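First residue of the sequence shown? That's 1 in full-length UniProt numbering, and the numbers climb one at a time after it. Heads up, the thing below is written out as structure tokens.
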Amino acid sequence: MTQSRYTGTARGLHWLMAVFILLTIPAGLIMVQPGLDRSLQNGLFIYHKNIGVLLLILIVVRLVWRLRNPPPAKPSSLSPIQARIAEFTHIAMYALLFLVPIAGYVRVKAGGFPIESLDALSIPSLVPRSEALAEIAKTVHYGAGLLLIALIAMHIGAALFHGVVKQDGVFSRMWPPVGGGTR
Numbered sequence: 001m002t003q004s005r006y007t008g009t010a011r012g013l014h015w016l017m018a019v020f021i022l023l024t025i026p027a028g029l030i031m032v033q034p035g036l037d038r039s040l041q042n043g044l045f046i047y048h049k050n051i052g053v054l055l056l057i058l059i060v061v062r063l064v065w066r067l068r069n070p071p072p073a074k075p076s077s078l079s080p081i082q083a084r085i086a087e088f089t090h091i092a093m094y095a096l097l098f099l100v101p102i103a104g105y106v107r108v109k110a111g112g113f114p115i116e117s118l119d120a121l122s123i124p125s126l127v128p129r130s131e132a133l134a135e136i137a138k139t140v141h142y143g144a145g146l147l148l149i150a151l152i153a154m155h156i157g158a159a160l161f162h163g164v165v166k167q168d169g170v171f172s173r174m175w176p177p178v179g180g181g182t183r
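What follows is the structure, given as structure tokens:
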């Protein structure tokens, strides 16, 4: 019998990342607002940078898990176009979940700023100090971040459509976050 649900580990990683992403996006959008109290802004920057490091680690773990534990086959209830859109969206989200934190890292380190969690571990910068590089990375981080937000909105919308409207079992492949499934 083929597995119709994602493994418990895959679901746990998905929902853990979802929580961190949904907490760090607003922090990233708020921290760059003009006129923001400096201490609040500094706190949001520290939070955003360090959660970004954690998300990069988690996406690596998640990708390794996915490569070693392929996801279940797509349900037959999906039309061929829905299956292709789902596949494209997942690939694009994985790519952006790498690109956004890497561009953020380059922006911060090339700009000469700290990433407190990495600095506490005495991990040296992997990029040279360069304002030009920092500006390019800032643009990439922001643009890719906006694209990621759009894909996440589409992903959530599709999940709700399948879970509430179609009730075709697609949503239950990833829900609940823990329990009720295999390792």
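By construction, the Cβ of each residue, glycine as well, lies at the ideal position given by its N, Cα and C atoms. No experiment lies behind these values; they were computed from the predicted model shown.
Residues near Met154 by beta carbon distance below 8 Å, same chain, minus five either side: For the purposes of this step, residue 154 is identified with residue 154 of the sequence shown, where counting begins at 1. Cβ neighbours of Met154 beyond the five flanking positions: Thr89.
Please confirm whether Gly52 has its beta-carbon closer than 8 Å to some beta-carbon of chain D. Within the model displayed, chain D is absent; a lone protein chain is all it includes.
Under the rule that 16 or more other beta-carbon atoms within 10 Å means buried, what is Pro26, buried or exposed? Taking the first residue of the sequence shown as 1, we reach residue 26 at position 26. Pro26 counts as exposed, since fewer than 16 other beta carbons sit within 10 angstroms of its beta carbon.
Output yes or no for whether 8 Å exceeds the beta carbon distance between Leu86 and Ala137. Residue numbering aside, residue 86 sits at position 86 when the sequence shown is read from its first letter. Residue numbering aside, residue 137 sits at position 137 when the sequence shown is read from its first letter. Strictly speaking, residue 86 in this sequence is Ala, with Leu absent from that position. No. Outside cutoff.
How about Ala134 and Ala150: are their beta carbons less than 8 Å apart? The count along the sequence shown starts at 1 and reaches residue 134 at position 134. The count along the sequence shown starts at 1 and reaches residue 150 at position 150. No, they are not a contact pair.
Please report the Cβ distance between Ile152 and Ile21, rounded to the nearest whole angstrom; I am assuming they are in contact, meaning their Cβ atoms lie under 8 Å. Here residue 152 refers to the residue found at position 152 of the sequence shown. Here residue 21 refers to the residue found at position 21 of the sequence shown. Right, their Cβ atoms sit about 7 Å apart.
Going straight from the alpha carbon of Val60 to that of Lys74, what length do you get? By 1-based counting over the sequence shown, the position of residue 60 is 60. By 1-based counting over the sequence shown, the position of residue 74 is 74. Inter-residue distance for Val60 and Lys74 is about 23 Å (C-alpha atoms, whole angstroms).
Straight-line Cα distance separating Ile115 from Tyr105: Taking the sequence shown and counting its residues from 1, one reaches residue 105 at position 105. Taking the sequence shown and counting its residues from 1, one reaches residue 115 at position 115. Spanning the alpha carbons of Tyr105 and Ile115 requires a straight line of approximately 8 Å.
What is the rounded straight-line gap between the Cα of Gly157 and the Cα of Met93? Position 157 of the sequence shown, counted from the start, is the residue given in the question as residue 157. Position 93 of the sequence shown, counted from the start, is the residue given in the question as residue 93. Between the alpha carbons of Gly157 and Met93 lies a distance of about 15 Å.
Cβ-based burial, Ile57 [other Cβ within 10 Å; buried from 16]: Sequence index remark: in the sequence shown, residue 57 carries index 57 (1-based). Ile57 is exposed by the Cβ-count criterion.
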